[in-house]
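Asks: Before anything else, here's the structure in question.
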Amino acid sequence: MSEKNEFKWGMVVDTDRCTGCQACVIACQAENNVSLNTEDRFHQRRAIEWIRIERYWEGEYPNVKAKFLPVLCQHCENAPCEPVCPVFATYHNNEGLNVQVYNRCVGTRYCANNDPYQVRFFNFWEPQWPKTLENQLNPDVTVRTRGIMEKCTFCVQRISRKQRELKNEGRDLVDGELKPACVQTCPTDALVFGNLKDPKSKVAKMAKGSRHYRLLESLGTEPNVIYLKKVEENV
Amino acid sequence: MTTFIPKRSLLGLFSTADGAADAVEGLQDQDFDDKDFEIMSGTPYPEGAFGEKTTNHRLYVFPFIGAALGFAVAILLTTATQVSYPLVTGGKPILSIPPMAIITYEGTMLGAIIFTVLGIIFESRLPRPKLGLYDERITAGYVGILVTTTEDRFKTAKEILTKAGAEDIKEGEPD
Amino acid sequence: MSRVRQQELHSLLELPRPTSQEINDDILGPTVTIGPQFKTAVGGLGIIVALGVAGFILKAADGFDDRTNWGYYAAVFAFLFTTCQGALLVSITMRMAKTHWRRPLARVSELFAIVGFFNLLVFLPLLWTIPIADERQSIWFEWPWGAPRVMDALAMIFLVINGLALLWASSIPDLALYGKRYGGTRGAIARFLSTGWNGTPIQWKILKAGQGILGGLYWVFLIGVHFMLSSDFAMSMVPGWVDAIFPAFQALSGLQSAVATTMVALYLVRRFGRHDQYIYMEPFWALSKILLGLTLLWFYFWFAGFITFWYGRKPIEINVLQLLMIGPYRVAFYLAIFLTFVVPFLILMWNWVRRTPGGPTLASAVILVGTFMDKIRLYVGAYSFTDQELTDAFHHESAFVDEVLPATGPLIPSFFQTNWPDGSDILVIAGGLAMPFFIYLLATKFIPVISIWETKEGYLLSGVKTVLRRRYLVLAKPD
Amino acid sequence: MQERVHLTDKQINDDLLIGVETHPRWWFIAVGFLAIMVATAGGAFGYMINQGLGVTGLNRPVMWGFFITNFVFWVGISHAGVMISSILRLSQAEWRRPVTRAAEVLTIVALMTAMLFPLMHTGRPWRIMYWVFPYDFARGIWPNIRSPLVWDPSAIFTYLISASLFVFVALIPDLAVLRDRSTGPRKQIYGVLSLGWRGTPRQWRLQAIAGILLSALILPVFVSVHSIVSWDFGMTMAVSSWHSTIMAPYFVIGAVHSGVSAVVTVMILLRWAFKWEKYIRPEHLDGLGKLLVVVGTTWFYFFILEFLFGLYSQEAAEVSLRNLLIYQWPWNFMFFIFLATAFFIPIPMWLFRGVRRSVILMLLTSILVNIGMWLERFLIIVPGLTRKADFTFVWGTYRPSIIEIILVAASFAFVTLMILLFSKVFPLIPLFDQKEGKVLEATTRIGRRDVPSIVREE
């Protein structure tokens with residue numbers, strides 16, 4: 048399937064639509080077996096959120112405005128985190144994903160240092176859930192042990208399941224039928240996921256709009272996550 | 192092939208380097224070849240100080256061989272590991288020359304150094320399983336002169352050593 | 064003493080030991096006589112230097128506004144600065160390290176201080192070609208207007224004064240000798256400069272301490288000037304070129320070419336100055352080992368900068384690499400790396416080559432050509448940007464939030480083009496390269512090209528000792 | 012000026028083998044005490060493996076902390092040996108003689124200690140094999156040679172092997188002395204190790220060439236090792252204060268600065284422990300002091316370049332880092348201590364001959380330098396990470412945990428322990444080098460003064 052290399056997964060984040068509701072964060076935690084971020088872990092600065100909402104305050108009270116910026120792994124084409132790994136635990140696959148191979152990881156944490164977006168997380172502790180929550184773990188996703196790195200995978204388990212489905216049914220992907228958990232959950236459709244190689248897909252069209260930009264463009268990492276600028280109403 | 196002539200060894204011990212130098216001079220006067228006697232000292236005297244002929248060595252060949260070997264192995268290893276499982280990382284080419292240069296450099300230097308050390312040991316005619324005729328006073332400041340010669344010249348050698356002031360003379364079989 | 068060619072004589076051990084009077088005769092003799100060979104050389108070089116001056120006038124007539132016109136001029140200046148003004152370091156360092164083989168080459172390298180003075184004249188017009196705009200990256204941050212121009216000029220002037228003072232301090236005893244022996248204008252000048260030196264112990268002590276202090280200062284100044292020049296005249300002229308190793312790399316390249324310059328000069332003095340009696344082989348051997356080390360370091364410094372940019376892969380870094388390596392200046396770049404590193408390394412790595420006078424000199428000459436190519440690559444490259452492009456690019460990259468950036472296209476447009484030398488450039492290059500030879504030749508007729516007092520001191524402090532059965536050189540180490 | 016001490020070969024043997032041949036009580040007490048410290052650290056390490064790296068003070072974004080700092084520090088110290096013995100051998104400096112072996116041993120020991128720290132610092136140390144060795148563990152994956160973390164082991168192993176061989180080659184003649192002086196099973200072991208050395212002119216000549224040739228070959232390795240360590244940081248474009256081209260030479264010269272200072276410390280301690288006043292004399296400290304002035308000043312020049320060029324581009328992350336270092340407690344305090352101890356106190360002091368020749372002052376200043384240089388590494392690594400991210404609110408800080416402090420402290424104990432153990436088996440000052448120095452001594456009479464001189468071999 049991937050020989051023809053017909054996929055290049057990408058996401059468009061429309062910051063104009065984002066309300067900062069954090070539903071994507073919760074959905075991601077549930078889908079990907081991310082361990083619970085207790086108060087303790089936040090204080091230790093060791094919380095794990097594969098997607099997070101950055102909040103910027105603008106203006107002086109009473110004219111304060113909040114701006115939200117959902118940040119997840121940018122799946123860069125020239126990902127700085129990849130070449131520094133000594134054991135190939137992270138590399139770029141031919142569908143444009145920056146993948147993390149948990150088995151190979153020895154935990155040098157070098158990738159986290161060379162990650163300009165702060166979207167890589169280290170398991171300082173063994174992940175734990177309250178007894179009641181153990182049954183809700185997603186069977187498709189590995190539970191990561193302590194001592195290794197993890198990060199957003201664009202819900203790679205959903206991608207591969209869908210690809211198997213397509214192969215069995217012998218059909219092409221319909222735009223919009225494949226959604227990572229965060230996209231699925233977003234109430235305002237601020238997150239859009241799809242195949243950037245398909246010029247008719249929604250992501251490809253949105254990515255070409257006039258409002259697009261990418262995070263830290265001057266670093267030349269060429270992310271596959273494209274942001275759309277906020278529209279200023281009072282200008 | 193010459194017929195085998197039995198030889199005997201003789202070790203003269205000198206408390207001063209001057210005496211040993213006299214002995215070397217005496218031996219050379221009596222047409223003893225440089226191969227017939229060896230000087231042993233616990234102190235590195237400057238080259239040629241005893242008037243001995245300096246020997247040639249081929250030590251400088253070793254680092255080059257080692258460097259070539261190390262270079263080849265390192266190039267092979269870096270190329271093979273990248274090509275055999277081509278994973279793209281960070282948009283860098285599969286055969287990335289600068290990192291290869293770094294590792295190849297280390298490999299080259301490692302090869303050169305290991306071979307140099309082997310060369311030093313080999314060219315010093317070491318390791319030597321048996322010490323042969325030897326005296327422990329040599330490392331405590333004495334200079335020893337080991338003469339290995341045929342029976343007929345044995346006496347001459349002994350005379351020279353005694354005349355030069357050898358404190359002690361040991362006899363033994365050559366190894 | 065007969066003047067035999069003593070090619071083979073390697074160290075003081077084998078050399079005959081002349082008396083003090085013989086040393087005076089041998090070294091001072093050629094200083095005062097002017098032969099036909101000398102006249103031809105000076106005349107020919109003088110004409111080329113005059114052509115160079117004409118080239119400069121042609122350029123100046125076009126004004127200083129078009130920076131691209133001055134690229135080669137800047138490269139020539141930078142080359143003379145690295146080679147000739149660095150050359151003094153060889154004698155300074157070796158005197159500090161108390162090496163005994165420095166004696167034949169001490170004055171040879173110090174005489175370059177005079178060339179440095181003329182290089183200052185070459186430098187001053189360049190000040191008008193660098194932008195004073197405060198809105199670009201520079202080491203001067205918030206300093207008032209024109210800081211680079213004023214500070215660079217001051218630093219250069221101090222450096223030249225320091226060099227001349229050092230030359231003067233180290234040649235006082237010889238000048239006194241010269242003044243005593245010869246009359247005429249030159250003798251009178253020498254007498255004046257020697258300020259009544261008569262060599263009392265206290266005078267010697269002060270002289271040596273003075274040389275030490277001036278030498279230390281020269282090191283500091285030279286490194287400082289390298290730092291200022293390389294940031295004001297090269298880095299700050301290329302948008303986004305932030306390369307912390309560059310000043311150090313330039314200083315190192317300066318050391319390498321300083322040794323190379325000294326070696327070439329030493330060879331020429333030995334060959335044409337009829338001084339092979341006093342310039343024995345050991346300086347070549349010892350210097351060539353240092354040169355080999357510096358050559359390796361040259362590549363190391365270059366690689367340290369290169370790999371950081373290559374691995375970082377920021378667009379701005381890729382652009383700088385492209386401009387200097389695979390862009391329009393690639394010919395100069397590959398020549399530079401070939402001639403400053405590959406060829407000299409292949410020559411100098413052989414011990415038997417290093418023990419001849421010709422081998423190291425050849426390597427040195429190659430290094431000098433390579434250094435010149437390197438300067439062309441860096442300075443002509445840097446001089447191909449206009450003021451407007453610099454300020455634009457600076458504001459561009461320092462923007463905090465990247466939202467404002469366009470999503471496509473490189474940050475710096477590739478507006479640089481190949482800039483081949485035109486007529487006036489060629490004149491300037493020829494004149495500039497002939498200048499040090501011209502000045503140096505003239506200078507040898509005023510100051511003995513071999514330090515008489517250091518040579519005598521060398522004979523005093525060395526001797527021959529027999530250990531057991533062989534003769535060895537013995538070196539005395541006072542204090 | 013060189014002081015002349017007259018000693019016979021026998022006396023040199025007796026004096027310099029004192030560590031091997033006598034068994035003072037302080038040695039056993041020291042070794043026992045240090046072993047307890049190392050064992051404690053082993054316990055701490057076990058606890059860390061059992062619990063996970065959560066027991067350290069590391070966090071997001073400060074993913075590298077004390078362990079990596081200490082790794083860089085010890086790799087730095089390891090640069091002393093080769094620096095001293097190679098440079099001084101190549102430049103025929105006479106005062107190198109008593110310094111070389113101890114410096115080389117310090118190199119090996121420090122390097123072994125340094126290698127432990129990246130291992131401790133990984134999340135899963137038991138899986139480290141397929142990081143370090145190019146061995147295909149049936150999974151088709153080899154180390155990623157594009158990663159600076161693979162350059163590291165290649166350089167460090169090369170350096171460790173080279174330095175060990177270097178020490179061994181120079182040890183052979185001394186092993187022969189030990190062979191001749193010892194009895195019983197020790198004689199057998201030393202006999203095997205000394206390879207049947209007899210001290211013929213050919214062997215001595217090769218020994219001399221070996222010193223020079225190996226020095227010349229190890230020097231380029233030595234430069235590459237710390238450069239590669241620096242590139243762990245320099246390649247990291249996401250941490251803009253690390254991403255500087257100056258890193259390689261800056262680290263190398265800094266390593267030499269701290270390494271040579273460590274050699275001074277070790278020499279003085281040895282002089283005191285083994286009563287080697289006749290061998291480690293003020294003139295040697297004088298020479299090392301002069302060398303340190305040059306090295307320290309060069310290091311400071313690179314430091315200025317590094318500091319200034321962070322500001323040159325006027326990038327937000329770099330400026331905020333400099334703000335942190337200069338204005339914010341406790342970073343400014345550490346920064347001040349670092350500058351004072353690594354440069355502003357020792358270097359001006361070493362300009363004075365009296366200080367260079369004073370044993371106690373040299374001991375104090377050399378320890379100061381290493382306090383400063385440890386802080387230097389810390390201040391390069393950690394603040395860079397705390398101010399790493401450009402647009403997010405994850406500027407963090409770092410405080411080491413007790414586990415990290417124990418392990419770092421134990422590394423010093425481990426190095427001391429290893430040197431003490433070495434001194435029990437091998438001489439820490441080369442015997443034959445001392446004897447050679449005696450042979451090459453001469454005196455030249457100039458006027459009314461006898462000037463100490465040296466016989467120069469070609």
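Chains as they are written, first to last, in the working numbering: chain A, 48 to 282; chain B, 192 to 366; chain C, 64 to 542; chain D, 12 to 469. Ideal Cβ placement from N, Cα and C applies to all residues, glycine included. This one's a predicted model, so the numbers in the text were calculated from it and none came from an experiment.
Return the chain-ordered list of same chain residues with a C-beta closer than 6 Å to the C-beta of T341 (chain B), the five sequence neighbours on each side being excluded.
Replies: Taken in chain order, the residues that qualify are I196, K198.
Asks: Checking the sheet assignment: what are the DSSP bridge partners for L275 (chain A)?
Replies: A:D61, A:H259.
Asks: Does the Cβ of Q121 (chain A) have 16 or more other Cβ atoms within 10 Å, making it buried, or fewer, making it exposed?
Replies: By the neighbour-count rule (16 or more Cβ atoms within 10 Å), Q121 (chain A) is buried.
Asks: Relative to the C-alpha of I60 (chain D), which candidate in D:I414, D:T427, D:R459 has its C-alpha closest?
Replies: Closest option to I60 (chain D), Cα to Cα, is D:I414.
Asks: Taking only beta-carbon atoms, is I139 (chain D) less than 9 Å away from chain A?
Replies: Yes - at least one Cβ of chain A is within 9 Å of the one on I139 (chain D).
Asks: Reducing DSSP to helix, strand and coil, say where Y135 (chain C) ends up.
Replies: The answer is helix: DSSP assigns Y135 (chain C) an H, G or I state.
Asks: Figure out for me which residue from D:G202, D:A113, D:V178, D:F84 has the closest Cα to the Cα of K321 (chain B).
Replies: Taking only the C-alpha atoms, the option nearest K321 (chain B) is D:G202.
Asks: What did DSSP end up calling V188 (chain A) once you bin it into helix, strand or coil?
Replies: Residue state, collapsed to three classes: coil.
Asks: Is any beta-carbon of chain A found at less than 9 Å from that of H295 (chain D)?
Replies: Chain A, which has no Cβ nearer than 9 Å to the Cβ of H295 (chain D), makes this no.
Asks: With three or more C-beta pairs closer than 8 Å as the rule, is the segment 409–429 of chain D touching the segment 515–535 of chain C?
Replies: Contact between the segment 515–535 of chain C and the segment 409–429 of chain D is absent, because fewer than three Cβ pairs lie under 8 Å.
Asks: Rounded to a whole number of angstroms, what is the C-alpha to C-alpha distance between K178 (chain A) and T408 (chain D)?
Replies: Rounded to whole angstroms, K178 (chain A) to T408 (chain D) spans 33 Å at the Cα level.
Asks: Would F82 (chain D) and W385 (chain D) qualify as a contact pair, given that the criterion is a beta-carbon distance under 9 Å?
Replies: Their beta carbons are not under 9 Å apart, which means F82 (chain D) does not touch W385 (chain D) by this criterion.
Asks: Anything in the segment 259–271 of chain A with a Cβ closer than 8 Å to a Cβ of chain C? List those residues in chain order, please.
Replies: Listed by position, the residues of the segment 259–271 of chain A near chain C (Cβ gap below 8 Å) are H259, Y260, R261, L262, L263, E264, S265, L266, G267.
Asks: Under 9 Å, Cβ to Cβ, is there at least one residue of chain D near V308 (chain B)?
Replies: V308 (chain B) counts as touching chain D.
Asks: What does the alpha-carbon distance come out to for the pair D63 (chain A) and K277 (chain A)?
Replies: Cα to Cα, the separation comes out at about 4 Å.
Asks: Whose Cβ in chain A lies nearer than 7 Å to the Cβ of G282 (chain B)?
Replies: Neighbours of G282 (chain B) on chain A, chain order: E124, N125.
Asks: Straight-line CA distance for E297 (chain B) to L384 (chain C)?
Replies: The straight-line gap from Cα to Cα measures roughly 25 Å.
Asks: Just the Cα atoms here: how many angstroms apart are P290 (chain B) and R157 (chain D)?
Replies: Whole-angstrom Cα-Cα distance: 6 Å.
Asks: Within the 9 Å Cβ cut-off, does N110 (chain A) reach chain D?
Replies: For N110 (chain A), the answer is no, since every Cβ of chain D falls outside 9 Å of its Cβ.
Asks: Output the distance between the C-alpha atoms of S172 (chain C) and S233 (chain C), rounded to the nearest integer angstrom.
Replies: Answer to the nearest angstrom: the Cα atoms are 12 Å apart.
Asks: Count the other CB atoms within 10 Å of the CB of D225 (chain B); is the residue buried (16 or more) or exposed (fewer)?
Replies: It counts as exposed.
Asks: Within the same chain, show all residues whose beta-carbon is closer than 6 Å to that of V112 (chain C), passing over the 5 residues directly before and after it, in chain order.
Replies: So the qualifying residues of the chain are G494, A497, M498, F501.
Asks: Can you tell me whether R68 (chain C) is buried or exposed? The criterion is at least 16 other CB atoms within 10 Å of its CB, across all chains shown.
Replies: Model confidence at R68 (chain C) stands at a pLDDT of 42, short of 50, so the residue's coordinates are unreliable and nothing is read from them.
Asks: Roughly how many whole angstroms lie between the Cα atoms of T268 (chain A) and H259 (chain A)?
Replies: If I take the Cα positions, the gap works out to 16 Å.
Asks: Step through the CB atoms of chain A and report whether any lies within less than 9 Å of the CB of M12 (chain D).
Replies: The predicted model places M12 (chain D) with a pLDDT of 45, which falls under 50 and marks its position as unreliable, so this point remains unresolved.
Asks: The alpha helix (DSSP H) spanning S232 (chain B) covers which residue range?
Replies: It is not in any alpha helix (DSSP H) - S232 (chain B) instead sits in the beta strand (DSSP E) that spans 228–232.
Asks: Could you say which of C:S447, C:G390, C:G250, C:Y281 lies nearest to A176 (chain C) if we only look at CA atoms?
Replies: Nearest of C:S447, C:G390, C:G250, C:Y281 to A176 (chain C), Cα basis: C:Y281.
Asks: Please name the residue, chosen from D:R467, D:A453, D:E468, that lies closest to D461 (chain D) on a Cα-to-Cα basis.
Replies: The shortest Cα separation from D461 (chain D) among D:R467, D:A453, D:E468 belongs to D:A453.
Asks: Kindly indicate which three-state DSSP category G92 (chain C) falls into: helix, strand or coil?
Replies: Note: G92 (chain C) maps to helix in three-state DSSP.
Asks: Using the Cα positions of A263 (chain B) and Y251 (chain B), report the straight-line distance between them to the nearest angstrom.
Replies: Going from the Cα of A263 (chain B) to the Cα of Y251 (chain B) covers about 19 Å.
Asks: At least one CB of chain B closer than 9 Å to the CB of I200 (chain D): is that the case?
Replies: False, the Cβ-Cβ gap to chain B never drops below 9 Å.
Asks: Beta-carbon of I370 (chain C) versus every beta-carbon of chain B: anything under 9 Å?
Replies: With 9 Å as the cut-off, I370 (chain C) counts as an interface residue toward chain B.
Asks: To the nearest angstrom, report how far apart S102 (chain D) and E205 (chain C) are at their CA atoms.
Replies: Answer to the nearest angstrom: the Cα atoms are 45 Å apart.
Asks: Between the segment 525–540 of chain C and chain B, which residues of the former have CB atoms less than 8 Å from a CB of the latter, in chain order?
Replies: Here the close residues are V530, L531, R532, R533, Y535.
Asks: For L292 (chain C) and A228 (chain C), which I take to be in contact (beta-carbon distance under 8 Å), what is that distance rounded to the nearest angstrom?
Replies: In fact, because the Cβ distance is near 21 Å, the residues do not count as touching under 8 Å.
Asks: Can you confirm whether M345 (chain D), when its beta carbon is compared against all beta carbons of chain A, has any partner nearer than 9 Å?
Replies: No, M345 (chain D) does not count as interfacial toward chain A.
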